Each structure stands twice: as structure tokens, then as C-alpha cells.
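First to last, the sequence lines map onto chains Z and H. Under the numbering used here, the first residue of the first sequence carries the number 1, and numbering increases by one thereafter. Under the numbering used here, the first residue of the second sequence carries the number 1001, and numbering increases by one thereafter. Where a beta carbon is used, it is the ideal one built from N, C-alpha and C, also for glycine. All of these numbers come straight from a predicted model, not from anything done at the bench. What follows is a set of notes on a single structure, which appears directly below.
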Amino acid sequence: MIRSFRAFFLSRALREKLLLVGFLGVAVVMWASAYSSRITAFFRAEHNTTVALKDQDYWLTHRAQIESATQKAASQMDPSKTLDPVHLTVVVRQLAGDSGVRINTGRAEPEVSNGQFSINRLPVQVLNTDWHAFAVFYQHLQERAPYLAITELAMQPIPANPSQIMATMTVESFEIRH
Amino acid sequence: MSASPLSFLRAGPPPPKVVLLPDGLFFSRAVPITAGATAAEVASQVELALESSSPFPLAQLYYGWYWTPGAEQAFVFASYRRRFTTEQTAAWADAELVIPASAALFGGAVEPATTLLLNSPEGLTAIHWESPAVPSRVVFRPIDPEASDEQRVQLREELIRGLGGSRTVIDLLVPPAADSGQPDREIVLRSGDFVSRLPVTTAAALDVRDKAELAARRSARQRDIVLWRVVLGCAAALCLFLLGEFALLGGNAWHKVRLTQLNARAPTVDKIKQSQELATGIDDLLTKRLLPIEMVTAILGTNGERKPADVVVTRIQSGGTLGLYTVVLELQTTNAAQVPVYRAALQKLPECDSVNLDVLPSQGVQSKYRLTVTFKPGALKPQPA
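Below, the structure written as C-alpha cells:
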């Protein structure tokens, strides 16, 4: 068959041969370019999927160990002292009121949850208050550890009244759902 | 109705176009060749012999020769160019080979003392081999088209007798015709059962056309072969790409299966990751606490005694991305020299792991700094109630 094609090709005029070579050359270049893009994209996607699957394999392999560690960690907590988002807000506001500190609280939401256990997060803004009252509020919050914890705190003096400060903080609570 | 492409492919390549010229137009003779001569040397010896024996200069002759490597003679044939009309020579343009009819049979396998008789409408050609390598004589006798069989037989006998010493006589009744063999290596011509194989190098010497024109044809042929190889290379590349496309299709199907598996496992894996985060979070709540006020107290002193009086704290930040043991203080002072001293004093504190001081953009006499202090884990204890 190739010999037939060869004889046919060789019997053509030079311009026809050059045209055929040109067309085939352009086709090869275009296809090579398009194919190399697609094969590169395929291998990249394939690599990413392989990495993701390996990551999943790791987690699935350690599933029992992790769930056991979570149960073990949660068992160290007294379920009756844990706070859901509503109770977290209530308790923080109550401690602030007891300390003479005015606060604004944001919406308390679960930061991490597996259905049974949750870590809830409450943004708190401390309005202009003197240092002593704030220290008392801080002390009350620390006394409720580990069921309450301050995870972020930023504070600064009021420029017009340096004896007072304003602060923003994040308070977290642990919750065991029954 | 035209033939289908399939029949074109099945038929194979057409035989090379060979133009056979009447033997009666050529004079021929065997010329001696020096032993061990190369093809180029044979060409010059042949041309020299022709120049000395021909009444016309070489430029006015169509000539060729038959020689096989190692043979000590070549068989030369030539014809005055004007014996051929312009129309005749124009028909040679697309021919692979232009030779006298008798030369088509020179490549046959014959025994010594063999005579081949080729019948044609114009006459009878006798080719005689004394040794099998190269023919020694070619004789043509015209025959009147109206000649009787007896006259033909008589002419045949005369020819054989004239050549002398023929042990084998082969009569060929049909003119030689080219066979579609492998035209790159050899040209095969058949006349009845008699087969003549002419290697391409030998066939090139047989061709009677102008030698410069033949050289140009050879170089054009070389160029065409290169173009054909490029075409073959391109076609092979396209076939490879096609295979690659199929492979890519298969690969994509396989990849889809893996993605389905990945997506199916994702919710379970997310739950496990959340459990891990919970375990870490609970562990942090139980064992690690952010102690921002304790860190600030350690830096400033219980009553602010560690901090130089000219230095004012404008902002304190801890926790979050800074981690549990780092606090950042933004300082402002009109006495810039005290800040490095303060930093050095903090570095000496046993509970401090590192102290970094960055200069912030400042305005007027106030200099601003960012002091980042990292404490050693467990070095600070919660303040007693």
C-alpha cells in the first residue's frame, strides 16, 4: 500500500508535492501544539488527583486512631460544663456584666463540628473600659478554662483617654451534644 | 467508471515507464574495460571509445552502455540524435528509462554462448553472449512486413550462423515489458518467460538520454525521495498523535473514575479531618492556653517598671495566626535611643525565646516600632485569681 502511495506521490508535480508536505507539516505542528497542551493538562490534573487520593488514603487509614483520639480528648471534659453557642454568649455577657465591662458580642457559631462535638467561636468587642475592670473580666474568663478560652486578643488605649482601653477578642467554647 | 481507491491500493504501484527504441537505429559494439575499473572510469573509457569509433561527436549522440562490476568489457550502443524527432524525444520526458529494445534483455540470466532472438514487427534482433556477464554482439535485421514464414526462418538461421558458436538459442516473440518490482533497486523486464533484471546503477548507464539531463533527473529524484520521507514522517507523527488521542481518551475515562472515587470519599474524609481538628482543639483547650495579659505583664512589668517611661504602647495583639506564645506590641516614643535598650533588656528575660524589633513609618518627632516577643512554651503561668 505504501508503495502505491509512494508511486502516486512521486508521479505528482513538484508544486503538488510541496503543497502536500506543507499541509502535512502544518497539520503536525498544529496537532502537536494542541496535543501537548491537552496532555500537559491531563498529567497536571492526574497528579493533583493522585495527591488528593493519597491524602484521603492517609486520613482513611488513620480514621479509627483519630476518632479514638477525639473521643479520648472529649472524655476529659465534663459534658455538663460545656457550652453551646447560646450558652457561650450568655456566659460571656454575664462575666462581663459581673466585671463592670461593657461588651458587644457577635454571632456565636461552631468553628469545627463533627455533629457530636463542636468548638464554638464568639467574637467580642470590649468598649471603652478601664484596665482594672478589663483585667477582672479576663480573670473570670480564664477561670472558666478549659470550657472557655480566649484565642485572640487585640487591645489599644483610647487616644483621648489613655487610662481606658478598647479591645477585640475571640472566645471559644467546647460543646458536647447529647 | 473510475477505479475505486481500494483497487488503486490493491493494484500496487504501476510498473516504471520504459521507452524501448528500435534496435535498428543504434550501432553497437563491445569495448574492452581495464580490470578493476570503477563505474566512473568505465563511463570515461566508454565515451573515449565512442568518440574514436563514431563519425559524430558525443554531443550529437544518444548513447548508453551495459557493464556489470568486474566485467572486462562493456557493451556500448549509440545513435545519431537527429534520427529521433522532437515529438519522439518529448515523449521520453516522464519515462523512467529510455533504451534500445535489445538492451532491455541484457540483464537476463544466460549461459555462455547463448543467443537471444527478439522478434519485432520491424525485424529480428539477435543478442549473443560469449560469456554470461556482458553481451558480445547485437545484430538487427529488418524484415519486410509481407515476408513469408519461410523467409523469416531463413533470416533467423542466417543470423545464428553469422554470430557463430551458439549453444543455446532462445526465441522471444513478445517485446520486453517492465514489471512493477522495486524500482528503487532494480528494473525488471519480461519477455515471455525470459526475465531481465537491471540494477538501477546499471539501468542508469543504459539510458540513452542526454547525460546532463539524466544527472538533473537523478538529483530531482533524490529531492523527491527526501520529500516523500518527510511526508512519511509527518504521516507517522499524525498516526502517533491519533494513537495519543485514543490514549488520552482512555486516560480521561480513567481519570473520571478516580475523580468519582475522590468525590465519593470526600465527605467521609472531611469528617475525619474535623475529628482531627476537634481532637487538636480539645487538646489545646485542655493543655495550652493563650495568656495575653500574662505575656504583656512580663514585657511591661507588673507596674510597668520594665518599660522606659518615654515609650508608649499603642496596640497589643496576640493569638490567632501569631500562635499561643507570641505577642506583638506597637510602640511609640520621642526618645528612639531607648527602644533598642528596652529590646536588649527583654532578650535577657529567661522566659523570652526571641525578641524582634521592626521600625514602622513615622511622622514628626514620634518614632514607631513593632516589637514581636515570643515566649518559651510553658514559661508563663496563668495569673492567680
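Test item: CB-CB of residue i and residue j under 7 Å
i, j, result
"T168 of chain Z", "A145 of chain Z", "no"
"D1179 of chain H", "R1167 of chain H", "no"
"T1125 of chain H", "D1193 of chain H", "no"
"S1196 of chain H", "L1105 of chain H", "yes"
"T151 of chain Z", "V124 of chain Z", "no"
"Q1274 of chain H", "N161 of chain Z", "no"
"P1199 of chain H", "E1186 of chain H", "yes"
"L1331 of chain H", "V1311 of chain H", "yes"
"L1262 of chain H", "L53 of chain Z", "yes"
"E1096 of chain H", "I1033 of chain H", "no"
"L83 of chain Z", "R102 of chain Z", "no"
"Q1276 of chain H", "I66 of chain Z", "yes"
"L1357 of chain H", "E1294 of chain H", "no"
"G1064 of chain H", "V1208 of chain H", "yes"
"V1098 of chain H", "R1029 of chain H", "no"
"R63 of chain Z", "I1272 of chain H", "yes"
"I1143 of chain H", "G1123 of chain H", "yes"
Rounded separation between residue i and residue j - CA only
i, j, result
"L1048 of chain H", "R1082 of chain H", "21 Å"
"T1374 of chain H", "A74 of chain Z", "30 Å"
"E111 of chain Z", "L1242 of chain H", "52 Å"
"M77 of chain Z", "V86 of chain Z", "19 Å"
"C1239 of chain H", "F42 of chain Z", "20 Å"
"V1042 of chain H", "Y1066 of chain H", "10 Å"
"L1371 of chain H", "V136 of chain Z", "26 Å"
"E1074 of chain H", "A1215 of chain H", "Residue identity differs from the one stated: residue 1074 of chain H is Ala in this sequence, not Glu. Using only the alpha carbons, I get a separation of about 21 Å."
"E1087 of chain H", "G25 of chain Z", "40 Å"
"V1327 of chain H", "L148 of chain Z", "20 Å"
"V1257 of chain H", "T50 of chain Z", "12 Å"
"G1251 of chain H", "E1245 of chain H", "9 Å"
"T40 of chain Z", "L1249 of chain H", "14 Å"
"A1103 of chain H", "P1057 of chain H", "22 Å"
"T1333 of chain H", "Q156 of chain Z", "16 Å"
"T1068 of chain H", "I2 of chain Z", "31 Å"
"Y1342 of chain H", "E46 of chain Z", "55 Å"
"V90 of chain Z", "Y1325 of chain H", "29 Å"
Residue i burial status per 10 Å Cβ neighbour count (16 or more: buried)
i, result
"Y58 of chain Z", "exposed"
"V1365 of chain H", "exposed"
"L19 of chain Z", "exposed"
"A1078 of chain H", "buried"
"R121 of chain Z", "buried"
"V1018 of chain H", "buried"
"L1278 of chain H", "buried"
"Q1045 of chain H", "buried"
"F1140 of chain H", "buried"
"G1165 of chain H", "exposed"
"V1313 of chain H", "buried"
"P1292 of chain H", "buried"
"K1376 of chain H", "exposed"
"S1052 of chain H", "exposed"
"R1289 of chain H", "buried"
Residue i - DSSP class collapsed to helix/strand/coil
i, result
"V1230 of chain H", "helix"
"R1141 of chain H", "strand"
"F42 of chain Z", "helix"
"F1084 of chain H", "coil"
"H62 of chain Z", "coil"
"M169 of chain Z", "strand"
"K1368 of chain H", "strand"
"P1199 of chain H", "strand"
"E1305 of chain H", "coil"
"M155 of chain Z", "strand"
"M1001 of chain H", "Any answer about M1001 of chain H is weak, because its pLDDT of 43 lies below 50 and its placement is not dependable; what the coordinates show is given next. M1001 of chain H falls in the coil class under three-state DSSP."
"D1283 of chain H", "helix"
"I1033 of chain H", "coil"
"Y1062 of chain H", "strand"
"P110 of chain Z", "strand"
"W1129 of chain H", "strand"
"Q1387 of chain H", "This structure does not reach residue 1387 of chain H, given that chain H is present from 1001 up to 1385, and the question cannot be answered."
"Q76 of chain Z", "coil"
Start-to-end residues for the alpha helix (DSSP H) that takes in residue i
i, result
"P1100 of chain H", "That residue, P1100 of chain H, is in no alpha helix (DSSP H); its beta strand (DSSP E) goes 1097-1100."
"L1159 of chain H", "1149-1163"
"Q125 of chain Z", "Q125 of chain Z -> not in any alpha helix (DSSP H); beta strand (DSSP E) instead, spanning 117-130."
Residue range of the beta strand (DSSP E) that includes residue i
i, result
"R1190 of chain H", "1186-1191"
"R3 of chain Z", "Unbroken run through R3 of chain Z is the alpha helix (DSSP H), 2-10; no beta strand (DSSP E)."
"A1178 of chain H", "1177-1179"
"I103 of chain Z", "103-105"
"D1310 of chain H", "D1310 of chain H -> no beta strand (DSSP E), and no H or E assigned at all."
"D84 of chain Z", "It is not in any beta strand (DSSP E) - D84 of chain Z carries neither H nor E in the DSSP assignment."
*Name the residues in the segment 132-146 of chain Z whose C-beta lies less than 8 Å from a C-beta of chain B; which are they?*
In the displayed structure, chain B is absent; the protein chains listed are Z and H.
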